[in-house]
Amino acid sequence: MNASSSYFDDFVYVHIDSNVKDHFTALFLPWHRWFLNTFHTALKDKCAYSGVMPYWNWSLDVRNITNSPVFDSDPESGFGTFGTSADEKWEVKDGAFGTTIRAYPAPHVVSRKFNPHPFDNHVFPFGFKAPEMHATQPFAPEALENIVEGSVGNFTDFAYKIDGVTAQGPHNAAHLMMGGDMGNLLWSPNDPLFYLHHAHLDCIWEKWQELRPENAMAFGGGLTQDVDNYHLYPVGAPPAANFSSVLPTEGLTSPIRVADMMSTKTRNLCYKCVW
1 MNASSSYFDD FVYVHIDSNV KDHFTALFLP WHRWFLNTFH TALKDKCAYS
51 GVMPYWNWSL DVRNITNSPV FDSDPESGFG TFGTSADEKW EVKDGAFGTT
101 IRAYPAPHVV SRKFNPHPFD NHVFPFGFKA PEMHATQPFA PEALENIVEG
151 SVGNFTDFAY KIDGVTAQGP HNAAHLMMGG DMGNLLWSPN DPLFYLHHAH
201 LDCIWEKWQE LRPENAMAFG GGLTQDVDNY HLYPVGAPPA ANFSSVLPTE
251 GLTSPIRVAD MMSTKTRNLC YKCVW
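In the UniProt record's numbering, the protein residues as written are 1 to 275.
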């Protein structure tokens with residue numbers, strides 16, 4: 001970690017350094033649950049924050065996504081809007097974080113460039129099956145309902161649907177739609193909206209877990225990222241992950257196992273998503 005960076009930047013570094021272990025593998029959902037909880041704990045312990053962890057339910061904004069309340073220019077409480085100029089590197093100029101310098105990968109201001117067709121590009125080794133898909137299609141309430149009500153007792157299928165067919169699910173749609181920092185697989189946590197987006201994904205997982213007994217402790221997938229063979233291993237290639245698999249915390253906290261992140265109601269987490 002960079003000694004001159006902020007504690008916020010340390011979280012970005014951890015996301016960069018551990019990325020190959022907790023993306024497109026079985027650890028994706030439990031690792032991000034740990035990451036969110038650790039970030040929320042840091043807000044409380046180091047910043048005297050007394051609030052809950054907010055999330056962005058993008059299914060409420062599908063009719064006009066860029067008009068979502070999360071894109072707020074308020075200088076004290078807003079998350080900022082979008083960049084407006086390529087000459088200014090699509091930097092976010094407004095909101096509470098508009099002038100904040102992020103350390104990684106090099107000092108810069110957070111950028112966003114809205115893309116209504118985020119899959120019309122080549123960010124992964126594999127091609128997108130439906131490059132013409134609109135950004136909001138994976139956010140539709142019926143799409144969310146299908147994810148939550150499907151994959152009964154099958155964690156790998158559920159996790160696959162979060163990323164989507166050829167990774168065109170709600171997880172990547174939000175990242176690529178916003179472009180800039182959020183559109184980068186490694187340093188997306190530079191953008192504070194990363195946490196609101198992933199908090200919602202965590203709530204979707206919790207809702208799926210609670211819907212049926214078979215879902216509660218369902219888990220599976222592999223520990224090896226293999227995006228070159230994504231069609232075979234969308235949730236990781238062998239060796240197989242299990243409850244004893246250790247999450248890559250990179251020194252941010254003590255070692256954590258998958259088992260510690262399987263329920264939001266244990267002493268390790270102790271929270272509930274309110275819909």
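Note that beta-carbon positions come from the ideal geometry of N, C-alpha and C, so glycine has one too. The structure presented is a predicted model; accordingly, all values stated were derived computationally and were not measured.
Here W90 is near S111, since their CB atoms are less than 7 Å apart.
DSSP places E132 outside both helix and strand once states are collapsed to three, so it counts as coil. Rounded to whole angstroms, the gap between the alpha carbons of F82 and V92 is 6 Å. Listed in chain order, the alpha helix (DSSP H) elements of length 4 or more contained wholly in the region 170-209 are 170-178.
The continuous stretches of beta strand (DSSP E) do not include P107, and DSSP gives it neither H nor E.
Within its own chain, the residues whose Cβ lies closer than 7 Å to the Cβ of N57, once the five positions on either side in sequence are excluded, are H200, listed in chain order. Between the alpha carbons of W208 and W34 lies a gap of roughly 18 Å. Secondary structure of L36 (DSSP, three-state): helix. The three-state reading of DSSP puts T224 in strand, counting E and B together.
With 16 or more other Cβ atoms from the protein chains shown falling within 10 Å of its own Cβ, Y195 counts as buried.
Judged by DSSP secondary structure, P248 falls outside any beta strand (DSSP E); it is assigned neither H nor E.
The three-state secondary structure of A240, taken from DSSP, is strand.
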